[in-house]
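The sequence shown begins at 1 in full-length UniProt numbering and counts up by one.
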Amino acid sequence: MDVALATAWLRAVAESVDADADELTKLDSAIGDGDHGVNLRRGFTAVAALLDGTAFTSVGDVFVRAGGTLISKVGGASGPLYGSAFRAVGKALPPGPAVTPADLVTALRAGLDAVSALGGAVPGDKTIVDAYRPAVMAFGEAVAGGAALPEAAAGAARAAGDGARATVSLTARKGRASYLGERSAGHQDPGATSTWLIFQALADVTAP
């Protein structure tokens, strides 16, 4: 992944979030504050503006700067969570204009660790982690097996989608949805869904 691909990924995320903001808000209205789509659209619109106006010299800097923008522009819990994830990804990458798939494995794991540390969530809590963790595991397994970035990204996107859909049956134990207790079951988690959009965007921009 070079700087151009990193910025293409984030632009694709911004486009996907914009297109699906209403659906994310609908999901969040069922078990949360009803602002997930609106907040993410605001944040990734700001990220797109950052990409338009900045010349990056390293892949890591792309993600660090994008993460900082999300933290400053997105309300609710999603800004700090996604912002911290992208900042951790960027900081874990080696310096330079290009990184390897193996570098990305390490960086994505750092992003997952940041989300888990900040939100205190574990698999099964009906959160971002339920899509992010299987995506990272699938990505890492693919790279370890010799897969190139497109194949690894496609596997991560599939795993994230499966993880997001699996949250429907879960009872929320973290976040605003946890206040509903058993009533949170039967609804797909909006954070897990937007996490799937992020990994799907990577699969889309790397597809041959």
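Where is the CB? At the ideal position from N, CA and C, for every residue including glycine.
No experiment lies behind these values; they were computed from the predicted model shown.
What separation, rounded to the nearest whole angstrom, lies between the Cα atoms of residue i and residue j?
i, j, result
"Pro-95", "Asp-52", "21 Å"
"Ala-131", "Gly-111", "13 Å"
"Ala-152", "Thr-195", "16 Å"
"Ser-72", "Tyr-82", "11 Å"
"Thr-7", "Val-62", "7 Å"
"Ala-159", "Leu-197", "12 Å"
"Arg-11", "Val-89", "17 Å"
"Gly-37", "Lys-26", "8 Å"
"Thr-106", "Asp-2", "16 Å"
"Ala-77", "Arg-41", "14 Å"
"Gly-140", "Ala-55", "30 Å"
"Asp-162", "Asp-20", "18 Å"
"Gly-119", "Val-136", "18 Å"
"Lys-91", "Ala-46", "20 Å"
"Ala-142", "Phe-199", "14 Å"
"Ala-157", "Arg-133", "11 Å"
"Thr-117", "Val-74", "The question names Thr, yet the displayed sequence has Ala at residue 117. Going by the C-alpha atoms only, they are around 19 Å apart."
"Ala-201", "Leu-5", "11 Å"
"Pro-123", "Ala-48", "31 Å"
Which stretch, first to last residue, makes up the alpha helix (DSSP H) that contains residue i?
i, result
"Lys-73", "59-73"
"Gly-43", "36-52"
"Val-105", "101-119"
"Phe-199", "190-206"
"Ser-169", "Segment: none, Ser-169 is in no alpha helix (DSSP H) and carries neither H nor E."
"Leu-93", "Leu-93 -> no alpha helix (DSSP H), and no H or E assigned at all."
Among residues of its own chain, excluding the 5 on either side of residue i, which ones have a beta-carbon nearer than 7 Å to its beta-carbon?
i, result
"Pro-150", "Thr-206, Ala-207, Pro-208"
"Thr-57", "Pro-97"
"Leu-50", "Arg-65, Ala-66, Thr-69"
"Leu-108", "Val-89, Val-136, Phe-139"
"Asp-204", "Ala-12"
"Thr-193", "Leu-24, Leu-27, Ala-164"
"Thr-167", "Lys-126, Asp-130, Gln-188, Asp-189, Ala-192"
"Gly-155", "Ala-138, Phe-139, Ala-142"
"Pro-80", "Ile-71, Leu-118"
Would you mind sorting residue i into buried or exposed? The rule is 16 or more other CB atoms within 10 Å of its CB.
i, result
"Ser-169", "exposed"
"Gly-191", "buried"
"Gly-145", "exposed"
Considering only residues of the same chain and omitting the five flanking positions on each side of residue i, which have a CB-CB separation below 8 Å?
i, result
"Ala-114", "Ser-84, Ala-85, Arg-87, Ala-88"
"Arg-165", "Gln-188"
"Phe-44", "Leu-10, Val-13, Ala-14, Val-17, Asp-18, Leu-70"
"Asp-22", "Gly-37"
"Ala-148", "Pro-101"
Suppose the cutoff is 6 Å on Cβ atoms and the five residues either side in sequence are ignored; what does the same chain contact list for residue i look like?
i, result
"Leu-93", "Val-59, Gly-60, Val-99, Asp-103, Ala-107"
"Asn-39", "Val-74, Gly-75, Gly-76, Ser-78"
If we define contact as Cβ-Cβ less than 9 Å, is residue i a contact residue for chain C?
i, result
"Arg-65", "This model lacks chain C altogether; it includes just one protein chain."
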